[in-house]
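Residue numbers (numbering that gives the first Met the number 0): 0 to 184.
Here the structure is laid out as structure tokens; the discussion comes afterwards.
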Amino acid sequence: MKKEETVFDLPIVLVIVQTADFLSITAKIIEETLLLGELSFDRSSLFIKGALTITCNAKRLKKQRIILPKANATEAAFIKNVEIIGVDHLTELLAYLRGECTILLTHTIFSNYVTDYAKESFNFTNIKSQYQTKRALQITVAERHNILFIGSLGSGKIMFAQRLSSIMPAMIFDISSVNEQNIFH
0 MKKEETVFDL
10 PIVLVIVQTA
20 DFLSITAKII
30 EETLLLGELS
40 FDRSSLFIKG
50 ALTITCNAKR
60 LKKQRIILPK
70 ANATEAAFIK
80 NVEIIGVDHL
90 TELLAYLRGE
100 CTILLTHTIF
110 SNYVTDYAKE
120 SFNFTNIKSQ
130 YQTKRALQIT
140 VAERHNILFI
150 GSLGSGKIMF
160 AQRLSSIMPA
170 MIFDISSVNE
180 QNIFH
């Protein structure tokens with residue numbers, strides 16, 4: 000039986016545990032914290048999609064900390080001034096909330112994740128001919144449109160897709176640009 004993804008498993012379990020008086024959390028902590036994550040059947044937390052976007056929006060909502068699966072902690076830590084707490088298992092989360100253990104905050108150095116595409120061999124200027132396709136890609140990047148590559152084997156779909164990032168604007172890490180430019184990458 001396949002379990003579909005949801006980001007509400009951890010919050011739902013936490014509400015059930017708190018309602019059953021197994022855990023006492025102050026209203027202030029609840030107000031300052033965003034909790035999200037999917038639980039597997041063995042109660043371990045699973046990777047979720049969109050952690051960066053959710054973290055960005057949580058910061059706008061004045062959340063001070065986010066508790067999410069450890070697999071997403073590095074991605075979410077790109078957003079500054081928000082405590083990112085990654086958990087592997089439900090028991091680890093409950094122990095943390097009871098004060099029985101501490102979890103180190105996750106920190107990410109943005110420059111470690113950005114590649115300088117100009118130095119790579121996948122450069123858009125290496126493409127010879129196919130001028131209409133090149134022009135379509137330039138317009139796509141400039142106007143932030145979508146593009147779908149369709150063609151027979153060997154027509155260059157993968158070649159264009161690999162080199163597309165070399166003509167995209169450089170990633171500038173700023174909280175105001177996360178929803179627009181960086182998520183576009």
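All C-beta atoms, glycine included, are put in the ideal place defined by N, C-alpha and C.
Backbone secondary structure at residue i - three-state DSSP
i: SER86; result: Per the sequence presented here, residue 86 reads as Val, with Ser not at that position. Residue state, collapsed to three classes: strand.
i: ILE11; result: helix
i: ARG64; result: strand
i: SER151; result: coil
i: LEU93; result: helix
i: THR25; result: coil
i: SER39; result: coil
i: LEU104; result: coil
i: SER44; result: strand
i: THR139; result: helix
From the options, residue whose alpha carbon lies closest to that of residue i
i: LEU38; options: ILE29, LEU9, MET167, LEU13; result: LEU9
i: LEU147; options: CYS55, ILE157, ARG64; result: ILE157
i: LYS69; options: LYS61, LYS48, GLN63, ALA57; result: LYS48
i: LEU34; options: SER128, ASP20, ARG42, LEU92; result: LEU92
i: THR132; options: LEU163, ILE29, THR105; result: LEU163
i: VAL6; options: ILE65, ALA94, THR90; result: ILE65
i: LEU60; options: ILE28, ASP41, GLN17, THR32; result: THR32
i: GLN137; options: ALA160, ILE53, GLU99, LEU22; result: ALA160
i: GLU142; options: ALA94, ILE78, ASN56, ILE166; result: ILE166
i: LYS27; options: ILE15, THR54, LYS62; result: LYS62
Inter-residue CB distance, residue i and residue j (contact presumed, cutoff 8 Å)
i: THR105; j: ALA72; result: 4 Å
i: ARG97; j: LEU22; result: 6 Å
i: LEU51; j: ALA75; result: 6 Å
Outcome for residue i when other beta-carbon atoms lying within 10 angstroms are tallied against a minimum of 16
i: PHE77; result: buried
i: CYS100; result: exposed
i: PHE40; result: exposed
i: GLY85; result: buried
i: GLY36; result: buried
i: PHE57; result: The question names Phe, yet the displayed sequence has Ala at residue 57. Burial call: buried.
i: LEU103; result: exposed
i: ASP115; result: Per-residue confidence for ASP115 stands at a pLDDT of 49, beneath the threshold of 50, marking its modelled position as unreliable; the derived number appears in the next sentence. That one is exposed.
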